[in-house]
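So the structure is just underneath, and the comments pick up after that.
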Amino acid sequence: YMEQAKLILFQEVDIGSRSSSRRVSNKLKPMIAAPPMEIPVNRKGLGQYMVNNVVQSVFLTNEVESMEISDRDRRYFVLHIPHLVTDTAGEQTQEARDYFRGLWYWMKEQGGWQHVVDWLLTRDVSEFNPGEAPPVTDAKNILIERTRSDIGALLIDMADDGAGPFSVDLVRSQGVLDFLMSGEGKKYMVRHGIDTMPSITKLGTEMARHWEPLRLQHKKRVYAVRNGAHWSAQPYASREVVMLQGEEQVP
């Protein structure tokens, strides 16, 4: 379905469990935005081949937690329509019936289709930059917060409080693990109902979903929980000094 497609409409999106949501979200990334400039197509009897990545995708859903989006996402523009079309019994409300009846009358009997096409064709898009990230909406922030993992919510909480190694801008996963093993860190785990100490790999994976990863010397990795643009321009040595200052706050 990706070949010769410019617009794909996904209806009634509900990816399911958190683990499956993350897998599907990762698989969707290549087709949501470019790069990659080409995407693979698999057709029976022809084998895999590449086509230009020009597709635009629209996802429609009634679910609040329809798919997982990370804090660092630059692909999705999320809109929420707050109006209810059904009541608690699942019946369409009178307000909704009146709205859609009027909308279809306008579209079919009063030239609504032509007005919509004319608006799209004459809209000034000269200042639109397809390379920019889409605007961040309240709906997107809610979706990000609602679909965070338990570990992700724990990390955000500690970062917001400036706890332990999060007292500075640059944090590494080992420093976070050391803090969680301390008495103060365990209080955060209790607050979030986490009984098992997360592995350093799990912490690194979750941190990469929320903050920009930066390099240190010897291929070590640190995460910029604040002021990422500033620290990305700083030398390795300066980053390491700041990170170690934060780890000194671990009891």
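Mind the numbering: the sequence shown is residues 967 to 1217 in the numbering used here, read in order.
All C-beta atoms in this analysis are idealised placements derived from N, C-alpha and C, irrespective of residue type, glycine included.
Quick check: the Cα distance between residue 1177 and residue 1135, rounded to an integer number of angstroms?
Stepping through the sequence shown from its first residue, residue 1177 is reached at position 211. Stepping through the sequence shown from its first residue, residue 1135 is reached at position 169. Approximately 10 Å between the Cα atoms of the pair.
With a threshold of 16 other CB atoms inside 10 Å of the CB of residue 1113, please say whether the residue is buried or exposed.
Taking the first residue of the sequence shown as position 1, residue 1113 is located at position 147. Buried is the call here.
Within a Cβ cutoff of 8 Å, which residues of the same chain sit near residue 1014, ignoring the five residues on either side of it in sequence?
For the purposes of this step, residue 1014 is taken as residue 48 along the sequence shown, with counting starting at 1. Here the set comprises 1006, 1007 and 1008.
Based on the DSSP output, what are the partners of residue 1057 in its beta bridges?
What you label residue 1057 is simply residue 91 of the sequence shown in a count that begins at 1. Paired residues: none, contrary to the question.
Quick one: does the C-beta of residue 981 sit closer than 6 Å to a heavy atom of the ligand SAH?
Absent from the structure shown: the ligand SAH. Ligands present: none.
In whole angstroms, what is the alpha-carbon distance linking residue 1179 and residue 1188?
Residue mapping note: residue 1179 aligns to position 213 of the sequence shown, counting from 1. Residue mapping note: residue 1188 aligns to position 222 of the sequence shown, counting from 1. Answer to the nearest angstrom: the Cα atoms are 6 Å apart.
Using a threshold of 7 Å, state whether the C-beta atoms of residue 1030 and residue 975 are closer than that.
The residue given as residue 1030 occupies position 64 in the sequence shown. The residue given as residue 975 occupies position 9 in the sequence shown. No.
Using the three-state DSSP reduction, which class does residue 1107 fall into: helix, strand or coil?
Counting from one through the sequence shown, the residue named residue 1107 turns up at place 141. If DSSP states are grouped into helix, strand and coil, residue 1107 belongs with the helices.
In angstroms, rounded to a whole number, what distance separates the CA positions of residue 986 and residue 993?
Numbered from 1 along the sequence shown, position 20 holds the residue referred to as residue 986. Numbered from 1 along the sequence shown, position 27 holds the residue referred to as residue 993. Spanning the two alpha carbons is a distance of roughly 11 Å.
Find the nearest neighbour of residue 1208 within the set 1195, 978, 1133 and 1050, judged by alpha-carbon distance.
Counting from one through the sequence shown, the residue named residue 1208 turns up at place 242. The option with the nearest alpha carbon to residue 1208 is 1133.
Measuring only the C-alpha atoms, how far is residue 1043 from residue 1198?
Stepping through the sequence shown from its first residue, residue 1043 is reached at position 77. Stepping through the sequence shown from its first residue, residue 1198 is reached at position 232. About 26 Å.
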